[in-house]
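Protein chains in written order, with the working numbering: chain B, 138 to 605; chain Z, 138 to 605.
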């Protein structure tokens, strides 16, 4: 892909030249806005002070929310790590991007079968083609063969771990054996034992934004916190010492990475780039209730469910955007939106072409960002991870206020489902906590949503088969 | 237990007082030798340069060996962590010490049922009663209720982890969920994130030996290396870069902790305490072939087996003692010996009473240390971990050159055993690699060793039942 300079841009350039401005000053004044997409990890639906949490101290996440737009009904594309990331980067449902489940570490998948197919077009590729310098700082978890690693998927620069999570001090991957070191700069393994991964990431983000660049930057900062291991700064453990243990550990980690984000915001402000940078923040899905996460320190508020399941607590996430030049401040939007929408949203702001726009599932959020009363840009949303041919995996489809769940389960173990609930219909306008299956009372709605899912799923099966 | 001053000691004291020496100088000149027991973890049978390894650089372990006595046929009391440690500390077979298997972390055993019973007398209690200041630096893994933690078992001071292994930079316990921080000073959880646990231990050992003490010190330094995670210094990874990956990682960790030991030796030399200190070194059992250990970077030389099994590679370990005042230098001993022997050996050198001497299984090694031709102090040795009532757990008994294994298996997966090998008799004088079952050819020997085991095991069952 080549960068194409728009005709009007040439005109502006000539005018500015005639006005006597130096080429560098010109190029800077014409520079597109920078982009910083920050992805949290396993953060609960309401786990930011700005989202109503009363026990969490998150002034920097709150700052992004308060100086921009915060969404109350924003969905991760999937309740699982790799699929959620694939969707964010491609603006497609993960199945449509042919990334069906979590990516296995290379020693479990020596033929590198899993991972995001390289012919999928990532956000990094889109902005790189438009002249951006692109970087991933943090977590990858989208494939391990050289061409499926970040440098093969549009990122000029990569600093972080390949496999999905690490100990933040040793940078070892512990979640499957063998216990291995996993810290890379581009494709080179590097050693920084003892240094807190959060601090290393902050330094990398600062360095990448500090360079005296001709071109704007696009940074995908995939923070991998508060994902276990809960390794918050001991000062925050002290601060939260009166909370129950799992919440204390989780909260300390949240505040630790909130501080990291604050350091970057301050840095951007100091270098004069803050208001030239579109900042997006989102969690990759709901909080974890795994044993490694002390069975759950996060909170989904009034909702049910958590990481791995299709209930709201698994997929409804904190999400916000700050860019004073085009996004209002102190604004809240209740329309449903999805992480697949960020790419078209950012592309609309920056005037960037999306080469495969007709193939993506996401929609620009600018209409609802600009108008609190605009309708959601999605009439229908789909969720499904795992094998589309499976008849037991969970899935969901939402149309307006109706949400149909297939094979629902609750990873928080609060809701239980019987055999009659394999198709579980909810009226979100009356029951956003998903406690009542109204399938029997609404056979026509059930039929309509089931057909929406079945038709879509059939396409996904075809795509899967074509991909084999 | 009370320290009893021996009558001759009073006489010496009075004589010295009459000579005009100050009380402090007197007490120092009368001070018993210090004791430093260093326990490696998952180190392979021959994995020291002094043991014939050609690829490992271990100058400091070699120094202990060369300046003291090195044993070629030294056995861990068990091929598993907690039982091996229980035996070392009590001088009893682990079953006799009523520690049957590995100790569970507290969240898996909330009633603290597992652990070393508090009425067992540990090495720390024995030396403390004789006026020693006692410390455990490193790994515990012998119980988690307050009275079963180190301070409850005779150690004046504890610095390290309770659960058995940690990440060396974050000090998190990762081997069972939840992922939790595990670093303590006595019973207080302390935070030193980012600091290499090896360096912390070296500092603690130095501090404990540097204090201007009235009394001698007894330190049990349980290093927990090269136990996974393999986190050797990157400079050693570079040094060993031409070795296969698992060996490279393992070797780098060995050399890292060899340097740690060197730092302590240098410190003791600089403070003038080196030759006043009895130094014992041993691995807790054979090398690991677990996935977390890259399926095995260690070496058992010509032997078979590894951690968890009763073949020589699981239980035959590097072991040495240095104490120039009573132990010859540059000496090698081939008599079979066992980690249960250290307590009586040390007690003989220091003239310390062992209050339950008639109950322990260990024997002083001084006769063989003093005489290369002395017979092994053990006519018979037993090994068994797990439930003594089990009919499928592995066990072994050795009498002279004969070794009988029950339910043998090879954690290295090199030897295979058929149904007829459930009783597996080996003549160690002809077949130290345990490749041939000669049970059929030696029915009388088989009968004799089987009875030795059965009688002993019956005692262990009674002990277990009495303990319930």
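We put the CB at the ideal spot given by N, CA and C, even for glycine.
Could you have a look at residue 604(Z) and say whether DSSP puts it in helix, strand or coil? Here residue 604(Z) carries a helix assignment [DSSP, helix/strand/coil].
Assigned secondary structure, residue 160(Z) (DSSP; H/G/I helix, E/B strand, else coil): With a pLDDT of only 49 at residue 160(Z), under 50, the local geometry of the prediction cannot be trusted, and the value read off the model is given with reservation. Three-state result, residue 160(Z): helix.
If you measure between the beta carbons of residue 386(B) and residue 434(B), is that distance less than 7 Å? Yes. Within cutoff.
Return the CA-CA distance between residue 378(B) and residue 390(B), expressed in angstroms with no decimal places. Going by the C-alpha atoms only, they are around 13 Å apart.
Quick one: list the residues of chain Z neighbouring residue 430(B), beta-carbon separation under 9 Å, in chain order. Those are 314, 315 and 316, listed as they occur along chain Z.
Between residue 390(Z) and chain B, is there a C-beta pair that is closer than 7 Å? No, because no Cβ of chain B sits closer than 7 Å to the Cβ of residue 390(Z).
Please determine, among 290(Z), 529(Z) and 305(Z), the residue with the shortest C-alpha to C-alpha distance to residue 266(Z). Of the candidates 290(Z), 529(Z) and 305(Z), the one whose C-alpha sits nearest the C-alpha of residue 266(Z) is 290(Z).
Comparing alpha-carbon positions, which option in 594(B), 332(B), 192(B) and 410(B) lies nearest residue 380(B)? With respect to the C-alpha of residue 380(B), the residue from 594(B), 332(B), 192(B) and 410(B) having the closest C-alpha is 192(B).
Please confirm whether residue 274(B) and residue 362(B) have their CB atoms less than 7 Å apart. Residue 274(B) is not a Cβ neighbour of residue 362(B), given a cutoff of 7 Å.
Among 603(Z), 406(Z), 539(Z) and 324(Z), nearest to residue 579(Z) - alpha-carbon criterion: Nearest option by C-alpha distance: 539(Z).
Strictly under 7 Å for the Cβ-Cβ distance: is residue 246(B) near chain Z by that measure? No - not a single Cβ of chain Z is within 7 Å of the one on residue 246(B).
Which same chain residues, not among the five before or five after residue 426(Z), have their C-beta less than 6 Å away from its C-beta? Only 432, 433, 443, 548 and 549 meet the Cβ criterion.
Cβ of residue 304(B) within 7 Å of any chain Z Cβ: Chain Z has a Cβ within less than 7 Å of the Cβ of residue 304(B).
May I ask you to report which of helix, strand or coil DSSP gives residue 322(B)? Three-state result, residue 322(B): strand.
Quick one, are the C-beta atoms of residue 415(B) and residue 477(B) less than 7 Å apart? Not closer than 7 Å, so no.
Out of 520(B), 554(B), 481(B) and 593(B), point me to the one whose CA is closest to residue 231(B)'s CA. Nearest option by C-alpha distance: 520(B).
State the beta-bridge partners of residue 579(B) as determined by DSSP. For residue 579(B), which the question treats as bridged, DSSP gives no partner whatsoever.
Taking the Cβ atom as the reference point for each residue, do residue 418(B) and residue 172(B) lie within a distance shorter than 7 Å? In this structure, residue 418(B) keeps its C-beta atom at 7 Å or more from the C-beta atom of residue 172(B).
Of all the options 329(Z), 257(Z), 354(Z) and 309(Z), which has the alpha carbon lying nearest to the alpha carbon of residue 294(Z)? Restricting attention to 329(Z), 257(Z), 354(Z) and 309(Z), the CA atom closest to the CA of residue 294(Z) is found in 354(Z).
The beta strand (DSSP E) that contains residue 520(B), what's its start and end? 517–521 is the span of the beta strand (DSSP E), which, as asked, contains residue 520(B).
In whole angstroms, what is the alpha-carbon distance linking residue 575(Z) and residue 552(Z)? Near 15 Å, if we compare the C-alpha coordinates of residue 552(Z) and residue 575(Z).
Exposed or buried, residue 522(Z), counting other C-beta atoms within 10 Å across all chains shown (16 or more means buried)? It counts as buried.
Does the contact criterion of 3 or more C-beta pairs under 8 Å hold for the region 242–252 of chain Z versus the region 324–344 of chain Z? By the Cβ test, the region 242–252 of chain Z is not in contact with the region 324–344 of chain Z, since fewer than three Cβ pairs between them sit closer than 8 Å.
With DSSP collapsed to three states, give me the class of residue 487(Z). Helix at residue 487(Z).
Is residue 431(Z) a contact residue of the ligand COA, with contact defined as CB to any heavy atom under 6 Å? Absence of the ligand COA is noted for the structure shown, with no ligands found whatsoever.
DSSP bridge partner residues for residue 317(B) (one or two, in chain order): Residue pairing of residue 317(B) in beta bridges, as defined by DSSP: 310(B).
I want to verify the contact list: residues of chain B whose CB lies under 8 Å from the CB of residue 331(Z), in sequence order. What residue 331(Z) touches in chain B, judged by beta-carbon distance under 8 Å, is 306, 331, 332 and 333, going in chain order.
Closer than 7 Å by beta-carbon distance: list the chain Z residues that pair up with residue 504(B), in chain order. Residues of chain Z whose Cβ lies closer than 7 Å to the Cβ of residue 504(B) do not exist; the shortest such Cβ separation is about 43 Å.
Identify whether residue 194(B) lies in helix, strand or coil by the three-state DSSP scheme. Coil at residue 194(B), not helix or strand.
Please report whether the beta-carbon of residue 368(B) lies at a distance below 7 Å from any beta-carbon of chain Z. Chain Z contact via Cβ: present.
I'd like to know whether the C-beta of residue 309(Z) is nearer than 7 Å to at least one C-beta of chain B. Chain B, which has a Cβ nearer than 7 Å to the Cβ of residue 309(Z), makes this yes.
Please name the residue in 534(B), 530(B), 537(B) and 536(B) whose C-alpha comes closest to that of residue 544(B). For the residues 534(B), 530(B), 537(B) and 536(B), the minimum Cα distance to residue 544(B) belongs to 530(B).
Rounded to a whole number of angstroms, what is the C-alpha to C-alpha distance between residue 483(Z) and residue 421(Z)? In a straight line, the C-alpha of residue 483(Z) is about 18 Å away from that of residue 421(Z).
Whole angstroms is fine: what's the gap from residue 524(Z)'s alpha carbon to residue 399(Z)'s? Their Cα atoms are separated by approximately 40 Å.
Quick test of the definition: if touching needs 3 or more C-beta pairs under 8 Å, does the region 467–474 of chain Z touch the region 503–518 of chain Z? Yes, the region 467–474 of chain Z is in contact with the region 503–518 of chain Z.
In three-state terms, what does DSSP make of residue 384(Z)? Three-state result, residue 384(Z): helix.
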